[in-house]
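Position one of the sequence shown corresponds to residue 0 (numbering that gives the first Met the number 0), numbered consecutively onward.
Note sheet for the following structure.
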Amino acid sequence: MAKGYKTGGRVKGSVNRVTADIKALAQSFGAEAIQTLVSIAQASESDQAKISAVKELLDRGYGKAVQAMEIAGKDGAPAVQIKIVKSEGK
Numbered sequence: 000m001a002k003g004y005k006t007g008g009r010v011k012g013s014v015n016r017v018t019a020d021i022k023a024l025a026q027s028f029g030a031e032a033i034q035t036l037v038s039i040a041q042a043s044e045s046d047q048a049k050i051s052a053v054k055e056l057l058d059r060g061y062g063k064a065v066q067a068m069e070i071a072g073k074d075g076a077p078a079v080q081i082k083i084v085k086s087e088g089k
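Shown next as structure tokens:
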């Protein structure tokens, strides 16, 4: 076997069989879990439980909310400045 050449093993990016099995099992309870969250959101006495249930439903239905992140350099200047210059000749 030449140095730098990998042989055998799983193909890069392939899912581990155990991971795939666990994911499939969890997905089989998906509809029931969603219905439970809906029930909690509608009938719970606790506002915190309602908020948590609604948040989970929205995260699954629409994706998690994007968090804004502001990056700035020294004294509010841009963090990175890229200058593209066209070379002459050659």
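Think of the CB as a built atom: it goes at the ideal place given N, C-alpha and C, for glycine as much as any other residue.
Computed from a predicted structure; not experimentally measured.
DSSP state of residue i mapped onto helix, strand, coil
i    : result
R16  : helix
K138 : The displayed coordinates of the chain run from 0 to 89. Any statement about residue 138 would go beyond what the structure contains.
G72  : coil
S38  : helix
E44  : coil
E87  : coil
Limits of the unbroken alpha helix (DSSP H) element including residue i
i   : result
T6  : Here T6 belongs to no alpha helix (DSSP H), and DSSP marks it neither H nor E.
Q66 : Careful: Q66 lies outside any alpha helix (DSSP H) and carries neither H nor E.
Say whether the segment 71 to 89 touches the segment 50 to 57, bearing in mind that this needs 3 or more beta-carbon pairs closer than 8 Å, one atom from each stretch. no
Assess contact between the segment 9 to 29 and the segment 37 to 45, defined as three or more Cβ pairs (one per stretch) separated by less than 8 Å. Is contact present? Taking a contact to require three or more Cβ pairs closer than 8 Å, the segment 9 to 29 and the segment 37 to 45 do not qualify as touching.
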